[in-house]
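Visitor:
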Amino acid sequence: MKTNEKHTREPLFHITKRSDIVWWKAWIIRAIAIISALIVCSFVIIALTKYNPIQVYKTMIEGSFGSERKIWILLQNIAMLLCISLAVTPAFKMRFWNLGAEGQVLIGGLASAACMFYFKDSIPNGLLIPIMLVASILGGVIWGVIPAFFKANWGTNESLFTLMMNYVATQPVAFFIMVWVPNGSSVMGVINQMTKSGWLPDLFGKKYLLNIIVVAVVTVIMFVYLKYSKQGYEISVVGESENTARYIGINVKKVIIRTMIISGAVCGLAGFLLVSGTNHTVSTNLAGGMGFTAIMVSWLAKFNPVVMTLTSFLIVFLQRGAGEIATAFRLNESVSDILTGIIIFFIIGCEFFINYRINKRSKKEAE
Amino acid sequence: MKKLTAMLLCLAMLFAFAGCGSKDTSSDTKGESKKVLSIDEVEKTVPAKMDKVEKDKFKIGLICLHDENSTYDNNFIQALKEAQKDLGLKDDQVLIKTNIGETDACYTAAAELADAGCNVIFADSFGHESFVMQAAGEYPDVQFCHATGTKAQTAKIPNFHNAFASIYQGRYLAGVAAGMKLNEMIEKGTITADKAVIGYVGAFNYAEVVSGMTSFFLGARSVCESATMKVTYTNSWFDIAKEKEAALNLINSGCVLISQHADSEGAPKACEEKGVPNVAYNISTISMGPNTALISSKIDWAPYFKKIINAALEGDTIPADYCGTISEGYVALTELNEKVAAAGTKEKLEEVKAKLVSGELKVFDTDTFTVEGKKLESYKADVVDTGDFAPDSEVVKDGQFEESTFRSAPYFDIKYIDGISE
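Residue numbers (my numbering), protein chains in the order written: chain A, 1 to 367; chain B, 1001 to 1422.
Structure, rendered in structure tokens:
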């Protein structure tokens, strides 16, 4: 009798994988997640600061949309984060964990800065900017392909390798800044401030427009490449199963190296845009953690470049809002980081409910 | 493999390119700037006269490299809050942006503050300068002030200003307190006179840090003749772990007193752990090291903030380059920790301070130090900052190195006077 009972007992809850969920259901789950995150944040805001949460949220939105300039900054930041996310995506799709975007961007940026520093205004911008672009892309490619080469030939662990390459990349940057600015506090300052040589031109008087357009184009190309090209298909097959890929005659080694060349090249491009189109200077934290944030952007969007525009908007919106709250309410930015953390936690958490169904033990089955 | 060789070739070409480029430009710049103008010869910036602003319409913005956790930035934030309180401004008239890097973020922060209606915008970090200048060019009606900067008096941007204070006077005083402590140790027999070694944790090996550490050392040696000093650089303004490690290394190598010019609590905490007296900068560290924190020197920015706010309210001008002194209250010492200090320190500090205020005592009196065994008779410093790093102006006059007189930001960059070593 007892053994029988044990046999039929099932846990109160059990989890099954949903094979596919209707798109609107998924979005309802996401909306519920964001609303609950905002409610939890409200309690945190009241408990920590005694401010009115609605007021705080309003300020957050103002941080991104409060003025024309803020909208441009928002778009620019989205473009940069998106560009780096696009870079890591093909590698991720191939299950090659490229955690080295930070370093690849940095080397790309350094290459651009070096061209600006050494050429100064000795050659026209029309020639200098293409040279910088090529140098940056090459820098990013070299930094990306080294781990890929080792992975393809000797099966080294790419996560550790790419991660370590980030730290290696900060050293040449620190070194060159020391060489270029011998008497300073390791700050490069704006390069060619007077002559503006090597600076990307303003389009229609808008400082960041060119960056934004370039990234938009790259987004479309990446989308088409991953979804419709033969190489894109090869990437997904290698990602699903290397053995299958081998079986159907895909040269896995070649695909790994080729994909990391693309990944590194786009990182190099991001470095170029950051130096030539944005900062006009280089420092060891040029990428500013975006190389890691990009991983989240890419994952949340399930490696779909078009959805990634949304996820990078979300992240940048939260960051900009956080800064605005800190200034408007005189809070330390850590408070806004807590809020950002809560919101991202809920958003990532809700993916669980989208991918899995939770089944409550039904009475009938228990009997 | 083919691809790899091709790539290597490309790289080689790139370096060759870079090589050519550098040769060309260096000869160019030499040709252009044959004559390096001294500070007396260059044309100086004429600061703009401001339009009078009504008090309740006035706004000021502050851009900080880090936040309150950095002693350096905290010093600015507290000073601005004090000025706000004294002048009766509301919270929404004083906007503070923290964690603004020395990148385009600084330019956008400045532009956003200008958009928000700030009449005066102040940035606190050396590396902010070129970005603030960029914003200043775009917002001619807004006044931009920048601490520790070097370019304002010659940049000819009328609404861009530099400020600093003669902090070397404060460092000297803090050094006197340190020297008294060393004397006490020697008298008590804890150390012999030749073991009076001070450890100094510096951020970067450049003028601002070198000037501060040298004046601190001169202060200590003015009371403890046998004092010497060892320096370690961390190459970062704010790195708790590195600063702590540097302080511990100095202590382990025999330093009996530590001071620092880096902005975290790393060094004070290391000293508290090891029971070694510590002289700090920017804020009082007594709460971090109740048994070892001796005293701190600091720049009090409140008078400068009041000065620029009042200039806006009265429709006056802000000087292109302003250096506050100890007699005007720009340089201050924080509370002396009687528990740590040697007997009589307080009286001695008052005595020395009075001499500094009256001008009887000069910190960089060339009779008090030697460089490579010789007295300093003449020294050319890079006062005019055109990015050339070329020394341009004679700064030794009337038997003293005239620090912060030709430009507010320090230019005493003689890396090691005799007695200081790495």
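Each residue gets a CB set at the ideal place from its N, CA and C atoms; glycine is no exception.
Quick check on A/L203: buried or exposed, where buried means 16 or more other Cβ atoms within 10 Å of its Cβ?
Guide: It is exposed - the Cβ of A/L203 has fewer than 16 other Cβ atoms within 10 Å.
Visitor: State the start and end residues of the unbroken alpha helix (DSSP H) segment that holds A/T59.
Guide: 53-65 is the extent of the alpha helix (DSSP H) around A/T59.
Visitor: Among A/A148, A/M308, A/D337, which one has its Cα closest to the Cα of A/V252?
Guide: Considering only alpha carbons, the answer is A/A148.
Visitor: In chain B, which residues lie less than 8 Å from A/R320 when you measure between Cβ atoms?
Guide: The contacting residues do not exist; A/R320 stays about 10 Å from chain B at best.
Visitor: Could you list which residues in chain A have their beta carbon closer than 9 Å to that of B/N1099, in chain order?
Guide: Correct list: G323, A326, E333.
Visitor: CB-CB under 8 Å to B/N1099, same chain, minus the five flanking residues each way: which ones, in chain order?
Guide: Contacts found: C1064, L1065, H1066, D1067.
Visitor: Could you pull out every residue in the same chain whose Cβ sits closer than 7 Å to the Cβ of B/T1292, ignoring the five residues on either side in sequence?
Guide: C1271, E1272, G1275, V1276, P1277, N1278, V1340.
Visitor: Closer than 8 Å is the cut-off here; do at least three beta carbon pairs connect the stretch 1042-1052 of chain B with the stretch 1313-1331 of chain B?
Guide: Contact between the stretch 1042-1052 of chain B and the stretch 1313-1331 of chain B is present, because at least three Cβ pairs lie under 8 Å.
Visitor: Counting only Cβ-Cβ distances shorter than 8 Å, please list the residues of the stretch 1127-1158 of chain B near chain A, keeping chain order.
Guide: Hits within the stretch, in order: G1127, E1129, S1130, F1131, M1133, Q1134.
Visitor: Using a C-beta to C-beta distance shorter than 8 Å, which residues of chain A count as neighbours of B/N1235?
Guide: Simply A174, S186.
Visitor: Identify the continuous alpha helix (DSSP H) that holds B/T1345 and give its terminal residues.
Guide: First-last of the alpha helix (DSSP H) with B/T1345: 1345-1358.
Visitor: Anything in chain B within Cβ reach of A/G189, meaning under 9 Å, just list it in chain order.
Guide: Ordered by position in chain B, the residues that pass the 9 Å Cβ test against A/G189 are E1102, G1127, E1129, S1130, F1131, G1387.
Visitor: Please confirm whether A/R330 has its beta-carbon closer than 8 Å to some beta-carbon of chain B.
Guide: At least one chain B Cβ lies under 8 Å of A/R330.
Visitor: Taking Cβ-Cβ distances below 8 Å as the criterion, which residues of the stretch 65-76 of chain A are in contact with chain B?
Guide: Hits within the stretch, in order: S67, R69, K70, I73.
Visitor: I want to see whether chain B comes within less than 8 Å of A/P182, judged by CB atoms only; does it?
Guide: Cβ-Cβ to chain B under 8 Å: yes for A/P182.
Visitor: Output the distance between the C-alpha atoms of B/R1171 and A/V220, rounded to the nearest integer angstrom.
Guide: Cα-Cα distance, rounded: 59 Å.
Visitor: For B/K1427, which residues of its own chain have a beta-carbon under 7 Å away from its beta-carbon, when the five flanking residues on both sides are left out?
Guide: One cannot answer for residue 1427 of chain B here, as it falls past the ends of chain B, which runs 1001 to 1422.
Visitor: Quick one: measure Cβ to Cβ for A/M222 and A/P305, integer angstroms, because I've assumed they're closer than 8 Å.
Guide: About 5 Å; that satisfies the 8 Å criterion.
Visitor: In the structure shown, what three-state DSSP assignment does B/G1212 receive?
Guide: Three-state DSSP puts B/G1212 in a helix.
Visitor: With 8 Å as the C-beta to C-beta threshold (strictly closer), list the residues of the stretch 270-295 of chain A near chain B in chain order.
Guide: Going along the stretch 270-295 of chain A in chain order, one finds T278, N279, H280, T281, S283, N285, L286, G288 with a Cβ nearer than 8 Å to chain B.
Visitor: Could you say which of B/V1094, B/E1422, B/F1058 lies nearest to B/N1119 if we only look at CA atoms?
Guide: B/N1119 has its Cα closest to that of B/F1058, out of B/V1094, B/E1422, B/F1058.
Visitor: When you compare the CB of A/Q193 with every CB in chain B, is at least one pair closer than 8 Å?
Guide: Closer than 8 Å to some Cβ of chain B, the Cβ of A/Q193 qualifies, so yes.
Visitor: Within the 8 Å Cβ cut-off, does B/D1413 reach chain A?
Guide: Output row for B/D1413: interface = yes.
Visitor: Strictly under 8 Å for the Cβ-Cβ distance: is B/Y1072 near chain A by that measure?
Guide: Not one chain A Cβ lies under 8 Å of B/Y1072.
Visitor: Using the three-state DSSP reduction, which class does B/D1365 fall into: helix, strand or coil?
Guide: Residue state, collapsed to three classes: strand.
Visitor: Out of B/S1125, B/T1285, B/K1195, B/D1056, which has the shortest C-alpha to C-alpha gap to A/V187?
Guide: Among B/S1125, B/T1285, B/K1195, B/D1056, the Cα nearest to that of A/V187 belongs to B/S1125.
Visitor: Could you please tell me which residues of the stretch 1202-1217 of chain B, in chain order, have their CB closer than 9 Å to any CB of chain A?
Guide: Cβ contacts with chain A: A1203, F1204, N1205, Y1206, A1207, E1208, V1209.
Visitor: Please decide whether B/A1163 counts as near chain E, where near means a Cβ-Cβ distance under 8 Å.
Guide: As a matter of chain content, chain E is missing from the structure shown, whose protein chains are A and B.
Visitor: Any idea what DSSP makes of B/Y1139, helix, strand or coil?
Guide: B/Y1139 falls in the coil class under three-state DSSP.
Visitor: If we define contact as Cβ-Cβ less than 8 Å, is B/D1091 a contact residue for chain A?
Guide: With 8 Å as the cut-off, B/D1091 counts as an interface residue toward chain A.
Visitor: How many Å lie between A/D20 and A/I261 at the Cα?
Guide: Taking the straight line from one Cα to the other gives about 34 Å.
Visitor: Closer than 8 Å by C-beta to A/V181: which residues in its own chain qualify, once you throw out the five before and the five after it? Chain order, please.
Guide: Excluding sequence neighbours, A/V181 sits near V187, M188, G189.
Visitor: Confirm, please, whether the CB-CB distance from B/V1197 to B/V1256 is below 8 Å.
Guide: Yes; because the gap between Cβ atoms is below 8 Å, this pair is in contact.
Visitor: Considering only C-alpha positions, which residue in the set A/E240, A/M60, A/I45, A/G268 is nearest to A/L86?
Guide: Ranking the options by Cα distance to A/L86, first place goes to A/G268.
Visitor: May I ask you to list the residues that DSSP assigns as paired with B/D1321?
Guide: Per DSSP, B/N1162.
Visitor: Check whether chain A comes within 8 Å of B/I1039, counting only Cβ atoms and requiring the distance to be less than that.
Guide: It does not: the Cβ of B/I1039 has no partner Cβ on chain A nearer than 8 Å.
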